[in-house]
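Note sheet for the following structure.
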Amino acid sequence: MMLMTASAGGAAAPTILVFGDSLSAGYGIEVDQSWVSLLQARLKEQGYEHQVINASISGETTEGGATRIEAALADFSPRLIILELGGNDGLRGIPAARMQSNLEKIVMRAKASGAAVVLLGIRIPTNYGPRYSAEFEAVFRQVSADLGVQWIEFFMEGIALNDELLQDDRIHPNVVAQPMLLDNAWPIISATLNE
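No gaps in the numbering here: position 158 of the sequence shown is 168 in the numbering used here, and each next residue is one more.
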């Protein structure tokens, strides 16, 4: 689903592309209450002209993202890509090396197009075992270091273990958590926009 969260009136406005999974697609809530919609509002409040386009898909994996990135770049010519993928890879037990390779493909293609990239890191439930969890979490750090992109360690910081901030599935953030997600991501988004 492609959602433009701002009017297309300002065709010349630089584009921010949110490229993620259900955490960014607004799963289980009204789309206009999602952190991505809140991002558009914050940008406007702070005087940025950027238009936010949400190209997130619930259930998306890094492999799916690597397949879709070329078309997304061609369609939207983003100035900045907010990359929020990997959670579904972890839940499916996809090898960390393959996830890392997919994220690297996405980042390299994005940077080759002239777009900046920020990476939102994710953790997985502890029942996947300490070895896989450590390998999984290290991927985001490694991609950031190897390819020179800003990242945050845990996009769901302060939310993931708080049932009051989660939907009934105890995985997806509820409406109350959406401003927190934005606050978690905002420092690297704003820093990158101001580079």
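A virtual CB, placed ideally from N, CA and C, is assigned to each residue, including glycine. All figures in this text were calculated on a predicted structure; none of them were measured in a lab.
What residues match up with residue i in a beta bridge as DSSP calls it?
{"i": "Ile199", "result": "According to DSSP, which records beta bridges pairwise, Ile199 is partnered with nothing at all."}
{"i": "Val46", "result": "Per DSSP, none; premise fails for Val46."}
{"i": "Val62", "result": "Ile26"}
{"i": "Leu93", "result": "Phe29, Leu129"}
Please state whether DSSP places residue i in a helix, a strand or coil.
{"i": "Gly30", "result": "strand"}
{"i": "Gln188", "result": "helix"}
{"i": "Ile79", "result": "helix"}
{"i": "Asn204", "result": "coil"}
{"i": "Leu101", "result": "helix"}
{"i": "Gln56", "result": "coil"}
{"i": "Thr72", "result": "helix"}
Give the single residue among the options whose Cα lies nearest to the Cα of residue i.
{"i": "Ala106", "options": "Val128, Val149, Met118", "result": "Val149"}
{"i": "Lys115", "options": "Pro140, Phe164, Ser154", "result": "Ser154"}
{"i": "Ile199", "options": "Gln43, Ile91, Thr77, Asn112", "result": "Ile91"}
{"i": "Trp196", "options": "Met166, Glu174, Tyr142, Ile134", "result": "Met166"}
{"i": "Gly124", "options": "Glu80, Arg52, Thr71, His182", "result": "Glu80"}
{"i": "Ala65", "options": "Leu53, Gly103, Asp85", "result": "Asp85"}
{"i": "Gly36", "options": "Pro24, Val185, Trp161, Ala201", "result": "Val185"}
### Query
At what residue ranges does the stretch 112-183 contain a whole run of the beta strand (DSSP E), taking only runs of 3 or more?
Runs of the beta strand (DSSP E) lying entirely within the stretch 112-183, each at least 3 residues long, are 126-130, 160-162 in chain order.
Original post:
Counting pairs of Cβ atoms below 8 Å between the stretch 30-49 and the stretch 80-98, do you hit three or more?
Top reply: The stretch 30-49 vs the stretch 80-98: in contact.
- How do the stretch 42-53 and the stretch 177-191 stand: do at least 3 beta-carbon pairs fall below 8 Å, yes or no? Flag = yes, the stretch 42-53 and the stretch 177-191 touch.
contact_flag[the stretch 71-78, the stretch 113-132] where n(CB pairs < 8 Å) is 3 or more: Result yes; three or more Cβ-Cβ pairs closer than 8 Å.
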